[in-house]
Amino acid sequence: MSGAPAGATAGVQDVLVALQRLYSDPDPAVKSEANDALQHFQKTQEAWNTANALLLTQDLPLESRLFGAQTFRSKITFDLQQLPLEAQLALRDTLLEALALYAQGPRVVQTQLCLSLAALALQIPESHWGNVVPGMIERFGGRPDTVNVLLEFLSVLPEEVAANHRIPVSNATYHERMPQLLTQQASMVLEVLSMYIQADGVTPAIQETVFHCLRSWLKAGEVTANQLATTPLLALAFQALESDALFDVAVDVLCDLIHETQEIEENQSVIQMLLPRIEALRPALVQAGEDEDRVRGLCRIFVQAGETYHTLFVQHANELLPIVQAVLECASYHDLDIVQITFRFWYLLATHVHKAEAANDPAAIPFRQVYEQLFAIIIRHLHFPNEELTGQERDDFRSFRHYMGDTLKDCCYVLGAEACLARSLQMIETALAEESPALRWQDIEAPLFSMRSMGAQVDLREDEVIPRIFAIVPRLPPHPRLRYAGLLVLSRYTEWVEQHPERIPEVLTFITTGFDRSDKDISAAAAQAMNFLCQDCCEHLTPYFDQLLEFFRSVKDQLAVDDLLAVAEAIAHVIVSMPPAQATESLLLFTQPLLQNVHEITVLPSPGKPELMRAADRMEQLARILQVMGVSLASTLPESCAATCTEAYGILDRLLDKHGHAYFISERTSALIRRALIFFGTRAEPTLPALLERFASCFESTGYSGYVWIIGKSIDQFGHQAGAELHSLLARAFERISSKVLQLLQTTPPDQLSDVLDDYLHTCLVTVQTAPGLLIASPVFPHAVHAAVVALGVLSPAVHGIASDFLRALFELPTGQAGAAYADPIRHVVAEQGFAVCQALLRGLVTIFPPENMPVVVGTIKAMHPLAPDSLLPWLAASAEQLPSSAVSQEDTLKFLESLHSGPLSPEQIKPSLVVLYGASRKSRERARLDKETLGDT
């Protein structure tokens, strides 16, 4: 570019120094400072000329010249409006000259220059830069040493024009320019690619680049399958599969081409050309043998054809069955990553085969045979390897088995679930019939796993295969893997047991004997089976309650925590199904020993962590039990339960008094009390004086957020209809936690208080919604608003989300039916802190808030308008002027201020003005992301 300012040389030197520090200085602080300086530099007017000098000075280090090219790309994307049209055309010429200069590399510089030219072409009108593609072909396509530059430009052009949404062009400009740059040039591009790929002396590297370019135009939808089929490129792509150098890119091209023919009616002629060539690849699949990369590539082609043309297979069974059989061969391959590629195809095809079978269409028969073979293949893949797997390998294999389980469900859809279940059972029976030394546990475990996977497909009225399963599973060899799998199988069919309650004794015996404390996996499976059995058969299990209770008491000190929780939850489901009086009595029998365990620990003079953890585990079990109970007994609980609630809380109160400083005790106690408040409802009210005092005191001494959470839940549940005494207690507790939050904010960085702020602001929100007087009439009211303002600046989206919700609900309160009485104190706090609120909202909007916060920000500021109509505009203006330039440019800030000052501020103006500001910040974030990507590439 011409007309460089006198300071350009100094600018170059500054950039060189910054780049040297960024890539060579070991000090992270220096690197960070240099990175910030370079990003700031790229936004300046001077950067145009400095980038030009860096790019064209050949004796500079590569990273400096690449930075020059990257700067051009960034500025063309975001700052082209800084240049008049004449300078934009001069910039184009400079970039074209630079591209010729870098024709022999480095490739990374070529790519950045091509991206810059593509972005520039989109923004310059056809009247000033017409025939872009023909011009590039003419300029760079005639010489072997510049062909690679042309192909790089043609490759990036569709991607940049079609997919780079950072480029700021209007919809009208985009829809006008895109056809000129791409659609109208597709035929010419295909001619050029066809010529280059067959040229005398063409290298595999150039051929690979041609295919990459072709992919770019295909994926952008600018080259249609019908257009491509008229060129030699289609046949050449298939031929390229024979070349090791071109195999991968040829696979990609063919998959893209097949995908582009998904509009089957429009592409019939191309499909008829493709299908014979695809079927002809089957011998290559056999020849690939152990070459996993080649098998994977061929599998991708077959599967892409299968997924794209799945609606045609049953209609044209004779012609297309070979492709299905090729996919089946891929599914039988030993590499499970390759097997997984086929899964979606089997799902898509199953629907059509099922419909054909339902219509008695004989065309379904060969496909049914395919699914029979697929079923056997999947069962084989389900076998655990003979060799011992590492921990990660075992986890990966177990995860993958569940994906294979989904394909078994596809087999069930075609073959019938009962038939598939019978096949799996037959495999087990066959394995058991083998001589004992020849028996491998994998031969039984794999079909067991398949039974579990297929459970959801089985008709519960089935009465032939499932009884045989329940007969054989408890009698399997005593191998740990088989015991584990058998328990999980039975847990999958407990809904069937519900319809056959006579099976419950033997099933219950099998499950309870599965709690083998020497094998944690078997115990976990038994706990899951117990849970499902009690959920599905709860009414049938009420006669077994005493047996279940005795079992629970016998294992509660031995089982792992999660397993014990599952069993506790299971028994709670049985209690829920009982008549109210029996349920109340049974619940008391179930929970009293657990609560007694907690009490025993509270009277120990100095319990250690193991004892306290045991108390925490008992409270977690109690919380899970009450969670299952919910409010099912709320209306039938006798009045005496109020005393029970008070007595139970007394135990927890003593625990908190002595050990509330232990974080895990605070968390488990809070969770249990939350469930108890829901369960007891109004009968919990007598406990509130002690509870509120204790939780406020514990929060004051520990700062643990769980204590705030319970006070908030108490306000939410009881605040709306609280009498004078309870209202006073709730108000006092709220004031105490508010004072503690204010104290914490004065001594601790807000980001370290995310949990406390989250629970506190939730408490503030429910207080506004249920008992606003608790907040607004309190002397801590301004402190609560201040806490919300501080919370708007923390990094946690959840925290600034709830802060925004609270402020919006507070400011909207005077417009509600019961809110007029609170208008004056709310106006007063807005007058004091409104500017701070605006500052925090605008800064958050342009920096850290996620997009979903935008409506809340708009609503909050609009709600402030009637509270401070004369002050809101100055507050917003002053807040905007203080926004960081890295988030919003000075130019965009001025646009926002102009939109606000277009007349007297009205609520209707607020949203469009904020949308403009937020849009500008999104642009800055995109630019920062691009700058970070490019600087990281150098």
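Under the numbering used here, the first residue of the sequence shown is numbered 505, with each subsequent residue one higher. Idealized CB from N, CA, C, for every residue including glycine. The structure presented is a predicted model; accordingly, all values stated were derived computationally and were not measured.
Check                                                                                                                                                               : Outcome
Relative to the C-alpha of LEU1052, which residue among LEU1037, ASP1066 and ALA1064 is closest?                                                                    : LEU1037
List the endpoints of the continuous alpha helix (DSSP H) containing ILE581.                                                                                        : Looking at the sequence shown, residue 581 is not Ile but Thr. Per DSSP, THR581 belongs to the alpha helix (DSSP H) from 566-582.
Short of 6 Å in beta carbon distance, which residues of its chain neighbour GLU1430, apart from the five on each side in sequence? Order them along the chain.      : ARG670
What distance in whole Å lies between the Cβ atoms of PHE1014 and LEU994, which are believed to be in contact at a cut-off of 8 Å?                                  : 7 Å
Rounded to the nearest angstrom, what separates ALA1064 and LYS1024 at their Cα positions?                                                                          : 8 Å
Which residues bound the alpha helix (DSSP H) around PHE1339?                                                                                                       : 1327-1350
Give the secondary structure of ILE628 by DSSP, where H, G and I count as helix, E and B as strand, and everything else as coil.                                    : coil
For ARG927, which residues from the same chain have a beta carbon less than 7 Å from its beta carbon, with the 5 sequence-adjacent residues on both sides left out? : PHE879
Mind checking whether CYS1268 and ALA1288 have CB atoms under 8 Å apart?                                                                                            : yes
For the ligand MG, is there any heavy atom lying closer than 7 Å to the beta carbon of VAL1360?                                                                     : By its list of ligands, the structure shown contains no ligand whatsoever, and the ligand MG lies outside what it can speak to.
CB-CB under 6 Å to VAL521, same chain, minus the five flanking residues each way: which ones, in chain order?                                                       : none
Would you tell me roughly how many angstroms separate the C-alpha atoms of HIS716 and ALA1381, rounded to the nearest one?                                          : 51 Å
Would you give the residue range spanned by the alpha helix (DSSP H) that CYS1041 belongs to?                                                                       : Segment: none, CYS1041 is in no alpha helix (DSSP H) and carries neither H nor E.
Using the Cβ count rule (16 or more neighbours within 10 Å means buried), how would you classify ASN771?                                                            : buried
Specify, as a first and last residue, the run of the alpha helix (DSSP H) that THR812 falls within.                                                                 : 796-812
Please classify ASN556 as buried or exposed, where buried requires at least 16 other C-beta atoms within 10 Å of its C-beta.                                        : buried
In whole angstroms, give me the CA-to-CA distance for VAL1293 and LYS1162.                                                                                          : 35 Å
Can you name the start and end residues of the alpha helix (DSSP H) that ARG681 belongs to?                                                                         : 675-685
Determine whether the beta carbon atoms of MET1368 and GLY1323 lie at a separation below 8 Å.                                                                       : no
What residue from LEU1278, PRO1411, SER747 and ALA1180 has the CA that sits closest to GLY1223's CA?                                                                : LEU1278
Quick one: give me the first and last residue of the alpha helix (DSSP H) that PRO787 is part of.                                                                   : 786-792
Using the three-state DSSP reduction, which class does GLN1321 fall into: helix, strand or coil?                                                                    : coil
Residues in its own chain within less than 6 Å of PHE888 by CB, not counting five upstream and five downstream?                                                     : GLN946
Using the rule of at least 16 other Cβ atoms within 10 Å of the residue's Cβ for burial, across every protein chain shown, is GLY511 buried or exposed?             : Residue placement at GLY511 is flagged as unreliable, the pLDDT there being 40, under the threshold of 50; the coordinate-derived value follows with that caveat. Answer is exposed; the Cβ neighbour count stays below 16.
Roughly how many whole angstroms lie between the Cα atoms of HIS544 and LEU584?                                                                                     : 16 Å
Do you know how far the Cα of VAL831 is from the Cα of ARG848?                                                                                                      : 11 Å
Which class does SER1218 belong to by DSSP, given the choice of helix, strand or coil?                                                                              : helix
First and last residue of the alpha helix (DSSP H) that includes GLN1225?                                                                                           : Note, GLN1225: premise wrong, no alpha helix (DSSP H); not H, not E.
If you draw a straight line from the alpha carbon of SER620 to that of ALA573, how long is it in whole angstroms?                                                   : 8 Å
Secondary structure at TYR1153, three-state DSSP: helix, strand or coil?                                                                                            : helix
Count the C-beta pairs between the region 1349-1362 and the region 1399-1408 that are closer than 8 Å, then say yes if the count reaches three, no if not.          : no
Taking the alpha-carbon positions, what's the SER1428 to SER1389 distance?                                                                                          : 9 Å
Would you decide whether ASN675 is buried or exposed? Buried here means 16 or more other CB atoms lie within 10 Å of its CB.                                        : exposed
Would you grab the beta carbon distance between SER568 and LEU558 for me? Rounded to a whole angstrom, and I think it's under 8 Å.                                  : 5 Å
Three-state secondary structure (DSSP) at THR1442?                                                                                                                  : Only weak support is given to the placement of THR1442: the predicted model assigns it a pLDDT of 42, under 50, and the value that follows is read from those uncertain coordinates. Looking at THR1442 - three-state DSSP - the assignment turns out to be coil, as it is neither helix nor strand.
Go ahead and pull the three-state DSSP assignment for HIS1287.                                                                                                      : helix
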